[in-house]
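In my numbering, the protein residues as written are 3 to 215.
The beta carbon of each residue, even a glycine, is placed where N, CA and C say it ideally should be.
Following this line, the structure appears as structure tokens:
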């Protein structure tokens, strides 16, 4: 196994135990949105474990990424529906939760099979979640949120993690199929993607710790 594979497929995925451990420790203090994100991380950690196992045994696992993209987007859309205050978003998000998986299915059937990285659906996912993350940021910044409100403070850290992850990963999602043509670039993309994921995990850990009822 190469160092880049060990870092991106073993070391970083294992660090999901950090936010999960903090989440378990603070579980009674977590309100429904934070608990929902906790279970999202459980799902992501299990998916990473399957991806690492299949990659180590040289089994094509891009089908897993296609599936994960659809499920992840639905889960995070619901997370934002729980935390956004504007009623318009709470009405629109259920529609997106149906439309996006249909878009993913169409992408598999007509544009990008499960043997290719899904460079059409991943950037759309990133744009949707970046937008919602920015909306939440402005909602909280204009609402004069009490810094002693542990629930909101914790959610702000989690939102920061999601916003940074999808913002930093956006161009990797778009150009991945081209960038991985060279072995050096492929290793670099693995390292960058894993590092962005690590940032997400650490910010979620801080968010769980900051949560107080």
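(message) Is it buried or exposed, residue 3, if we count other Cβ atoms within 10 angstroms and call 16 or more buried?
(response) Sequence index remark: in the chain shown, residue 3 carries index 1 (1-based). Under this definition residue 3 is an exposed residue.
(request) Look at the alpha carbon of residue 45 and the alpha carbon of residue 67, and state the distance between them as a whole number of angstroms. (result) Locating residue 45 in the chain shown gives position 43, counting from the first residue. Locating residue 67 in the chain shown gives position 65, counting from the first residue. Approximately 13 Å, taken between the alpha carbons.
(message) Is the separation between the beta-carbon of residue 164 and that of residue 78 shorter than 8 Å?
(response) Locating residue 164 in the chain shown gives position 162, where the first residue counts as 1. Locating residue 78 in the chain shown gives position 76, where the first residue counts as 1. Yes, they are a contact pair.
(request) Please report how far the alpha carbon of residue 31 lies from the alpha carbon of residue 209, in whole angstroms. (result) Here residue 31 refers to the residue found at position 29 of the chain shown. Here residue 209 refers to the residue found at position 207 of the chain shown. Their backbone Cα atoms lie some 11 Å apart in a straight line.
(request) Jot down the residue ranges of each uninterrupted alpha helix (DSSP H) in the segment 55 to 106, minimum 4 residues, whole runs only, in chain order. (result) List check, alpha helix (DSSP H) in window: 64 to 85.
(request) Starting from residue 208, trace the alpha helix (DSSP H) both ways and give me its first and last residue. (result) The sequence position of residue 208 within the chain shown is 206, counting from 1. Run containing residue 208: 185 to 212, per the alpha helix (DSSP H) assignment.
(message) Comparing C-alpha positions only, which one of 196, 28 and 41 sits nearest to residue 170?
(response) As a first step, residue 170 is located in the chain shown; it is residue number 168 there, counting from the start. It is 196 whose Cα lies nearest to the Cα of residue 170.
(message) I need the DSSP call for residue 115, collapsed to helix, strand or coil.
(response) On the chain shown, position 113 is the one that residue 115 refers to. Residue state, collapsed to three classes: coil.
(message) Excluding the 5 residues flanking residue 40 on each side, which residues of the same chain have their C-beta closer than 6 Å to its C-beta?
(response) Numbered from 1 along the chain shown, position 38 holds the residue referred to as residue 40. Hits under 6 Å: 25.
(request) Let me know the secondary structure DSSP gives residue 17 once reduced to three states. (result) Your numbering for residue 17 matches position 15 in the chain shown. It is coil, neither helix nor strand.
(request) Report the option in 92, 193, 155 and 123 whose CA atom is closest to the CA atom of residue 104. (result) For the purposes of this step, residue 104 is taken as residue 102 along the chain shown, with counting starting at 1. Comparing Cα positions, the closest option is 123.
(request) Consult DSSP for residue 122 and reduce its assignment to one of helix, strand or coil. (result) Along the chain shown, one-based indexing puts residue 122 at 120. In this structure, residue 122 counts as coil in the three-state DSSP scheme.
(request) Answer with buried or exposed for residue 179, where buried requires no fewer than 16 other C-beta atoms within 10 angstroms of its C-beta. (result) Here residue 179 refers to the residue found at position 177 of the chain shown. With fewer than 16 other Cβ atoms within 10 Å, it is exposed.
(message) If I follow the unbroken alpha helix (DSSP H) through residue 8, where does it start and stop?
(response) In the chain shown, counting from the first residue as 1, residue 8 sits at position 6. From DSSP, the alpha helix (DSSP H) with residue 8 extends over 5 to 8.
(request) May I ask you to verify whether the segment 132 to 144 touches the segment 85 to 92, counting CB pairs closer than 8 Å and requiring at least 3? (result) yes
(message) Tell me whether the segment 52 to 62 and the segment 97 to 115 touch, counting them as touching only if at least three CB pairs, one residue from each stretch, are closer than 8 Å.
(response) no
(request) Quick one: residues in its chain with C-beta nearer than 6 Å to the C-beta of residue 98, no 5 flanking neighbours on either side, listed in chain order? (result) Residue numbering aside, residue 98 sits at position 96 when the chain shown is read from its first letter. Only 79 meet the Cβ criterion.
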